[in-house]
Each structure stands twice: as C-alpha cells, then as structure tokens.
Amino acid sequence: MLYYQHYIKLRSLVPIAYMITFTSSYSSLASSFVSHNTTPFLFFFLCVICMQMDVMKRTRSILKLSGRVLNEAVSFIVFCALDLVDYMLCFLFKAIDMLIEGEWKPCYCSSSAKEAITSSGKILVSEQGGESTKIVSLSSTKLMLEDISDTLYSRPSLVSELSSFTLNELKKFKLEDPILQQQTMRGTSLCSSSSFTMNTTIVEMLQCKIGRQEKHTIPRWSDCDCNLCTSWMSSSSPSTKPNLFVRSQVPNIGKAKEDVVFIHGFISSSLFWTETLFPNFSRRARSSYRLFAVDLLGFGRSPKPSDSLYTLSEHLEMIEKSLLEAHNVKSFHIVAHSLGCILALSLAVKYPHSVKSLTFLAPPFYPVPKGEAHATQYVMRKIAPRRVWPIVSLGASLVCWYEHITRMVCFLICKNHRLWEFLTKLLTRNRVRTFLLEGFFCHTHNAAWHTLHNIICGTAGEIGTYLDAIKNNFNVKVTIFHGKDDEVIPIECSYEVQRRIPRADVRVIDNKDHITIVVGRQKAFARELEEIWSTPNN
1 MLYYQHYIKL RSLVPIAYMI TFTSSYSSLA SSFVSHNTTP FLFFFLCVIC
51 MQMDVMKRTR SILKLSGRVL NEAVSFIVFC ALDLVDYMLC FLFKAIDMLI
101 EGEWKPCYCS SSAKEAITSS GKILVSEQGG ESTKIVSLSS TKLMLEDISD
151 TLYSRPSLVS ELSSFTLNEL KKFKLEDPIL QQQTMRGTSL CSSSSFTMNT
201 TIVEMLQCKI GRQEKHTIPR WSDCDCNLCT SWMSSSSPST KPNLFVRSQV
251 PNIGKAKEDV VFIHGFISSS LFWTETLFPN FSRRARSSYR LFAVDLLGFG
301 RSPKPSDSLY TLSEHLEMIE KSLLEAHNVK SFHIVAHSLG CILALSLAVK
351 YPHSVKSLTF LAPPFYPVPK GEAHATQYVM RKIAPRRVWP IVSLGASLVC
401 WYEHITRMVC FLICKNHRLW EFLTKLLTRN RVRTFLLEGF FCHTHNAAWH
451 TLHNIICGTA GEIGTYLDAI KNNFNVKVTI FHGKDDEVIP IECSYEVQRR
501 IPRADVRVID NKDHITIVVG RQKAFARELE EIWSTPNN
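Under the UniProt record's numbering, read the sequence shown as residues 1 to 538, first letter to last.
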C-alpha cells in the first residue's frame, strides 16, 4: 500500500525520470531502464529516494524539536539561577548604598506595591524650565502613569512568583485574624477617598521631586565620575536645568535652507553620526543643511540625573529645549537609529508641519496582535524571550529582566570605561571601534534601565497610533533602512511600518547588521541621505 501511494504521487515525475538520460552520471543506467521498458523499476527507484527524503525530513524535524526542548530546559535552569543572583545582588547593593551614601537606592525587583498618599492629595508630574511645577490631582494621575512602563515593576520570575505567593498567604492569614481584619478595614476607610495603587519605586522617586530634594547631585558610587561623564554638571548653573549635548555642523558661508536632526539608538551617542556621516557629506550638502546630532538624556555627554524616570515626555522635552528651541530649528529632517526611531516618530507626530522626512534605521516597531491586553509585556518578551540561544536573546534578556545584574555590569564596565578604551586603542588601533565603545560606555545604569523600559516597551501600545498619524500626513517622506543580517531588531519590524504606512520605502541592505548598516558604508549612506532630502515627497 505504501509503495502504491508513492507510485501515484510520482507519476508526474516520469518526465523528470526520462531527463536523467541526458545527464552524464546516470546516462547508462537510465538508458538501460528505458530501452528494456523498465518503467515500474524506475518508479520503485524513485519511491525509495522519496522515502529517504521523508526520513531525512522527519529526522530534521526531530532534531529541531529536540534542540528547542533542550534550549527551553537549559534556559529555564539558567534564568532561575539568574533570578536568584539578581535577588541577592539587590541586598548587596542596598547594603553598599547605605554604607556609602547613607540610604539605599529604590529598586523594582519587589513585585509588591503600596498606596501612595500625599497630604495635599496631589502629585507632581513634570517640571518646566526648573522654575514651575505641574501638579495634577490623583484622579488624573493615570495620565502620568501611562508614561511609565509596567515592565519596570512587573517582570514575572521565579523569585517574584515566590514573593507573590508568600504575600498572598500573609494576606489570607490577616483576613482570618479578626483583630488584624478590623485594623485593615479601619485603615482602608480613612484613605479610600484619595488613594491609588502605584509601584513603590516610582512613589519614592516622585516624592523626592515633590520635596525638591536634589539628592545625589554628585555621581553615585557605582557610576563614573570622570570629566567626560560629569561635564554636564560643570557646564550648567545650579538654578537652571542643564541642556543636552549637541554636536553641530553648519555652513561656513550663506544660510542653510533646512536642518537635519540625528538621533542615536540605545546605549550610544552622537559620535555614531559625527564620526561616520558628517565627514562624508558632499560640499553641496554641507552648504545647504545644518546638521545636528544630539546626545540623548542620560547618554554621552548629556545630563544624567539620578532622580529622572527617563520617560518619553522627558526625552522629548529635553530635545525640544536643547535643540529645537536653542538652535531655532523650524523645518527639519530626522535620521534616527534603533531606539531613536521612537523619539523621531513622536517628534513627527508632535510637529506635523515641521518634519519633512523620516529616515529610520532598524526601527523597533514590534507589531502587537489585536486583542493583546498587555502590549508592553508582549513587546518585552519579543525583545527578551528569556532564552540562552541565540546569544542575542541571552544578552537582551539580561538587559531587560535583571535590574541588579545590569547595574553590576555597568559598575564593572561603564565606571571603568577609561581603562577599557585604553586597552581597545592599544590592541586594535581602530578609530571606529573606539568611538563606538565611547558611546557604549558613557551612560548610567539608571538612564539605560529606565530608557529601555519606558521608551521601547512603554510605547508599545501607542506606536500604532503614531504610525497612523504619519500615514495621514502626506507631507512627511518615510524611508527605512534595515540590515539583512540584523539580529537585534528583526526585519519584520520595518515591514510592519510599511504595512501601516504604504508609501514608506523599505531598503534592505545585504550583509549588514544593526551597526554596519551605517559603520562601514558611511559614504554610500551619506549619498542616499542627500538624495532623500533633495527628492520631493511623491
């Protein structure tokens, strides 16, 4: 029966079988089959080959399934161990913080939350120019909370699940005790009119701002205190809020017709642009455009406030104040890489008549399925799936899931970046790698941790709305570049932008990854940018 089934399937292969007669390796065998009218034997021969192919296909499927199971099993063990390590590092850092600074730094590793109640029933949302404060009532606090990603304080893990289980058991014990139950109900009745639930760390950081307590004006013990990393402190007066560090290239003669704003990606700096593209623009471009490359809040030479939550609104406010307003930027193009694409998209939505074009490089716009209730958690698991293989997934999972392990990494690497840069220069003498490392090292853990969660994960539910706004704004030209070998941001993210904005031009560059999409092809990319800026939007 099995051979008969293969016989039926392979009837269409008769022409292929006869074509074997024209090949050099099987000419004698095929001519013998055909000359003696041995077609059934030929079918039998092809059936055997087909069965071998089926066996090989099943073997590959079994090996693939076995590899997946092994990866998941090893990942479970490794990340359970990392959960415990991160939990222990939490107590270690708190003890060192208390010993050196007199208090410990609030962290998000605890999954518990508490009721935040202020005496006035109000809470501070933002500061404007460092002179006035914007206060909203508790009923409107959700407007501010939407800017803070729940992935900061809600990352399921072995330790958090055990902690939640313990807390639930304690709550059951309190409910069973009549005395504790009366005290709980009495306390609830006193604050039920003006209370809301909020993560402990956010409450403590906001309370510091409300009380105008500028703690840790000097770098924390785990952050670098070199002149490069603290230059923003000496360049600003105590009464004013410091600006972002902006590198610019303006025409020497005449007036530029338009401006271009470059926004770097995660744990990078403006050097990503100024060391690659700026020297390679043509003379005509240098005389026609003002080029601005900004160090984002918390990165490079820009301010790194320890009490900031590094939300989307804070990043945008600093870009507006330090670049758009300070340099009188009115009509401009935006070139953004990775995480910077989210900020560029937000600026384009906020300034629909000013932004002329958007050029995205590897945009992290992850499509969220319809009906997904927790978009932020979905995106975090897409970025960091808690798997040891591939290696990129392991690195992304470490960065996204472990607050204290990443702080230890920043302490070992970023605080001692001068040593690592010296060793790199000594061993490689490669300027490109040196400036990439300089951009990679010059940040604080607080800035990187909050920016990653509040920008990439926290905006997951809003990206679709932003893309629809750009879709309806036909004055904005959209171009997307993506390296075909990019393992950090999947190429599907770029195609998602094109799906939402059909006029978007997606250009996939062969043999290029997340960094070499610019580095190594800066001359070609500079010419492509000049063409984009000079070509009208169709």
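For every residue, glycine included, the Cβ atom is placed at its ideal position computed from N, Cα and C.
Start-to-end residues for the alpha helix (DSSP H) that takes in residue i
{"i": "H445", "result": "445-451"}
{"i": "T406", "result": "403-413"}
{"i": "residue 547", "result": "Nothing in the structure corresponds to residue 547, since the chain is present only between 1 and 538."}
{"i": "V349", "result": "340-350"}
{"i": "R500", "result": "492-500"}
{"i": "L366", "result": "Sequence check: residue 366 is Tyr here, not Leu. Unbroken run through Y366: none, as it is neither H nor E."}
{"i": "Y378", "result": "375-383"}
{"i": "I319", "result": "312-319"}
{"i": "H417", "result": "417-428"}
{"i": "S534", "result": "522-534"}
{"i": "Y466", "result": "463-471"}
{"i": "R286", "result": "283-288"}
{"i": "F272", "result": "271-274"}
Sequence-distant residues of its chain with Cβ nearer than 8 Å to residue i (five each side left out)
{"i": "D513", "result": "G483, D485, D486, E487, V488"}
{"i": "I383", "result": "P364, Y366, A396, C400, I456, C457"}
{"i": "H353", "result": "N475"}
{"i": "S288", "result": "P251, A256, K257, E258"}
{"i": "T428", "result": "T434"}
Beta-carbon proximity list for residue i, same chain, < 6 Å, skipping 5 on both sides
{"i": "V506", "result": "I480, S494, Q498"}
{"i": "W389", "result": "N71"}
{"i": "S149", "result": "T376, H453, N454, C457, G458"}
{"i": "D86", "result": "Y402, H404, I405"}
{"i": "K321", "result": "none"}
{"i": "P385", "result": "S393"}
{"i": "V508", "result": "H482, K484"}
{"i": "P303", "result": "W232, P242"}
{"i": "N537", "result": "K477"}
{"i": "L361", "result": "H337, F481, I517"}
{"i": "H450", "result": "L309, Y310"}
{"i": "I342", "result": "I455, T459"}
7 Å Cβ shell around residue i - same chain, five flanking residues per side excluded
{"i": "G129", "result": "Since pLDDT at G129 reaches only 39, below the 50 mark, its modelled position is unreliable, and the value read off the structure follows with that caveat. If we look at G129 and ignore the five residues flanking it on each side, its Cβ neighbours are K241."}
{"i": "A469", "result": "V349"}
{"i": "N280", "result": "Q522, K523, A526"}
{"i": "F411", "result": "S222"}
{"i": "C224", "result": "C414, K415, H417"}
{"i": "K330", "result": "S354"}
{"i": "T434", "result": "E421, T424, K425"}
{"i": "T230", "result": "P219"}
{"i": "G67", "result": "none"}
{"i": "R155", "result": "W401"}
{"i": "S193", "result": "Since pLDDT at S193 reaches only 36, below the 50 mark, its modelled position is unreliable, and no value is offered."}
{"i": "G520", "result": "none"}
Run of the beta strand (DSSP E) containing residue i, from where it starts to where it stops
{"i": "D259", "result": "258-263"}
{"i": "residue 545", "result": "Residue 545 lies beyond the range of the chain shown here (1 to 538); nothing can be said about it."}
{"i": "R507", "result": "505-509"}
{"i": "K477", "result": "477-483"}
{"i": "L324", "result": "Element bounds for L324: n/a, residue is neither H nor E."}
{"i": "F332", "result": "332-337"}
{"i": "S248", "result": "246-249"}
Cβ distance (whole Å) where residue i is taken to contact residue j below 8 Å
{"i": "I532", "j": "S357", "result": "6 Å"}
{"i": "S270", "j": "V250", "result": "In fact, because the Cβ distance is near 15 Å, the residues do not count as touching under 8 Å."}
{"i": "F299", "j": "A447", "result": "6 Å"}
{"i": "S248", "j": "R290", "result": "7 Å"}
{"i": "L323", "j": "V409", "result": "The Cβ separation is near 30 Å, so there is no contact."}
{"i": "L244", "j": "L297", "result": "6 Å"}
Proximity test, Cβ basis, 7 Å: residue i and chain B
{"i": "L423", "result": "Annotation note: the requested chain B is absent from the structure, which comprises a single protein chain."}
Quiz item: Is there contact between the segment 348-363 and the segment 469-482, where contact requires at least three CB pairs shorter than 8 Å?
Solution: yes
Exercise. Could you tell me whether the segment 273-289 touches the segment 300-318, using the rule of 3 or more Cβ pairs below 8 Å?
Key: no
Practice problem: Answer yes if the segment 332-345 comes into contact with the segment 246-266, meaning at least three C-beta pairs across the two stretches below 8 Å, and no otherwise. | Solution: Contact between the segment 246-266 and the segment 332-345 is present, because at least three Cβ pairs lie under 8 Å.
Quiz item: At what residue ranges does the segment 39-110 contain a whole run of the beta strand (DSSP E), taking only runs of 3 or more?
Solution: none
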